[in-house]
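Residue numbers (the working numbering): 170 to 585.
To start, the structure itself, in C-alpha cells.
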C-alpha cells in the first residue's frame, strides 16, 4: 500500500519467514553463538559508578526452571519486535507485548512517536484463525475490497489509488463501512485472476485459507482490520544506538525516523536488515575498546519467584480490559474525550498492578501485564500530545494536519 511502482523484492508471499529461516540456519552454524530460549528479561542493568551510566547486562527469569539469572554483556541489542498485543485484534504473535520498549524506557532512553500505530486493513476473519495476515500484495495484484452488500467501496475514499491507497486510508474506509453496514467483516476478492496464477503467486495464503474452508480462487476472503505495526519506538541514531551507551535497538522496537507517521508496505523488513548491518559496523568499531573494559555483577536483592494463584483471575481480567480499552478508545479513530477516558482507566489498572508487583516480583503473566499496561499508558499519553491528524493517528477533534505538530513526539522518564 502507498507505493506508486512495483519495487518490492519478495519470496512468494512469505518473504519474512524465508529470511528468518535463513538467519536461524546461519546462527546454528556458528559454534560461538549461545542461544538461550525461554527467558524473560525483567530489567536492563546499568553501571552507575561512571559519570555516564552504561549498559552492563540484563536481569532475567529462566522460564524453564523459574529461576532468576543475571547475564553480563558489554553490548546489548534489543530486537524484541512490536507491541500489537496491546490491542484486542492484532496480526502480531502473542509475544508482541512491547517488552523491549518498556525496558529501554525504564533505563532512561527516549521513546518516540508511539501514537503512530499502524493497523493492517486485512486480517483473516474466521473464528479458528488466529493472527493470520492477508498480505497487501493481493491488492497489489488487483484484489478489490467489497462491503457486506457486495459493493466495491474504496473509490469513495480514494478515487485515484482506491485499494492501493496507504494503509491508514484503507483501514479507516473499512472501519467506516463496518459501522455503516453493521457487518463484522468486509471481503477481499481476487477471483478475477486465473486460478493457477493465484496458487503460484500466493501459495501460503491459498493453502492457509483452504484449511479454513475458503478457496480464494473462487471465493472472496472475509477480512477485518487489526493492529499491525508500531511506527514509533526506542529513539536511535543511524547506527542503531540508543541514548544509553552500549545499548542498541533494531527493528520494530526501534524508532529510526524511516517510517515517519505511516510506514509503506515492506519497508520495515528492509529497515531491519539495513540497520542491523549499520549496528554491526558500529559494534565492530567499538569492540577494541570495549573488550579491555571489565564489568562486574551488580548487587541485586533477593527477589522471590512465586506463582500468583489468588490474583490470576484479576490479572487475566486486567489483560483483557486493557486490550479492549485500547481497541475501543485508542484504536483506528480517536477523540480527545475517549483518550482521556482511556488514560484514566489505564492509570487505575496500573496502580492495581503495582500493588501486586510490590509483593510478588517474578511471575510471567504479571510481568507481561505490567509491560503492556505501561505501554498502553505511553501510547495514550503520546496520542494526547498530538492535537492533529497525521498518518496513522486520526483524531476526530482535529481531522487535519497542523504545522506546529510537524515534529516527533518524544517522551522519557525525565519529562513524563
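All C-beta atoms, glycine included, are put in the ideal place defined by N, C-alpha and C.
Three-state class that DSSP yields for residue i in the structure shown
i, result
"residue 216", "strand"
"residue 372", "helix"
"residue 319", "coil"
"residue 185", "helix"
"residue 228", "strand"
"residue 174", "coil"
"residue 245", "strand"
"residue 525", "helix"
"residue 570", "coil"
"residue 419", "coil"
"residue 517", "helix"
"residue 585", "coil"
"residue 331", "helix"
"residue 377", "helix"
"residue 482", "helix"
"residue 493", "helix"
"residue 366", "helix"
"residue 506", "helix"
"residue 498", "helix"
Residue-chain proximity (residue i, chain B), Cβ-Cβ < 8 Å
i, result
"residue 420", "The chain labelled as chain B is not found in the depicted structure, where only one protein chain is given."
Enclosing beta strand (DSSP E) for residue i [first to last residue]
i, result
"residue 539", "Note, residue 539: premise wrong, no beta strand (DSSP E); alpha helix (DSSP H) at 533–554."
"residue 265", "No beta strand (DSSP E) contains residue 265, which DSSP labels as neither H nor E."
"residue 255", "Careful: residue 255 lies outside any beta strand (DSSP E) and carries neither H nor E."
"residue 447", "Note, residue 447: premise wrong, no beta strand (DSSP E); alpha helix (DSSP H) at 436–459."
"residue 358", "355–358"
"residue 386", "Element bounds for residue 386: n/a, residue is neither H nor E."
"residue 402", "402–404"
"residue 411", "Residue 411 -> no beta strand (DSSP E), and no H or E assigned at all."
"residue 283", "Taken as a continuous stretch (DSSP letters only), residue 283 belongs to no beta strand (DSSP E), as it is neither H nor E."
Close-in-space but distant-in-sequence residues of the same chain around residue i (CB under 6 Å, 5 per side omitted)
i, result
"residue 180", "187"
"residue 423", "402, 403 and 405"
"residue 263", "none"
"residue 582", "277"
"residue 295", "381"
Exposure label - residue i; buried when at least 16 CB within 10 Å
i, result
"residue 447", "buried"
"residue 585", "exposed"
"residue 232", "exposed"
"residue 215", "buried"
"residue 331", "buried"
"residue 537", "buried"
"residue 568", "exposed"
"residue 288", "buried"
"residue 372", "exposed"
"residue 311", "exposed"
"residue 513", "exposed"
"residue 193", "exposed"
"residue 196", "exposed"
"residue 281", "buried"
"residue 261", "buried"
"residue 563", "buried"
"residue 203", "exposed"
"residue 458", "exposed"
Contacting residues, own chain, Cβ-Cβ under 7 Å from residue i (five flanking each side not counted)
i, result
"residue 377", "301"
"residue 303", "291, 292, 293, 357, 374, 390 and 392"
"residue 499", "508, 511, 548, 549 and 552"
"residue 576", "none"
"residue 555", "284, 562, 574 and 578"
"residue 566", "504 and 505"
Residues of its chain near residue i, where Cβ-Cβ distance is below 8 Å and the 5 sequence neighbours each way are ignored
i, result
"residue 570", "557, 558 and 559"
"residue 255", "266, 267, 396, 491, 492, 495, 541, 544, 545 and 548"
"residue 521", "483 and 487"
"residue 442", "188"
Cβ-Cβ separation, residue j to residue i (assumed contact under 8 Å), whole Å
i, j, result
"residue 152", "residue 351", "The structure shown does not extend to residue 152, since the chain spans only 170 to 585, so no value can be given for it."
"residue 431", "residue 337", "6 Å"
"residue 362", "residue 355", "Wrong, their Cβ atoms sit about 19 Å apart, outside the cutoff."
"residue 249", "residue 269", "3 Å"
"residue 244", "residue 417", "7 Å"
"residue 438", "residue 251", "The Cβ separation is near 13 Å, so there is no contact."
"residue 208", "residue 229", "5 Å"
"residue 272", "residue 212", "7 Å"
Segment limits, alpha helix (DSSP H) that includes residue i
i, result
"residue 350", "336–350"
"residue 307", "306–309"
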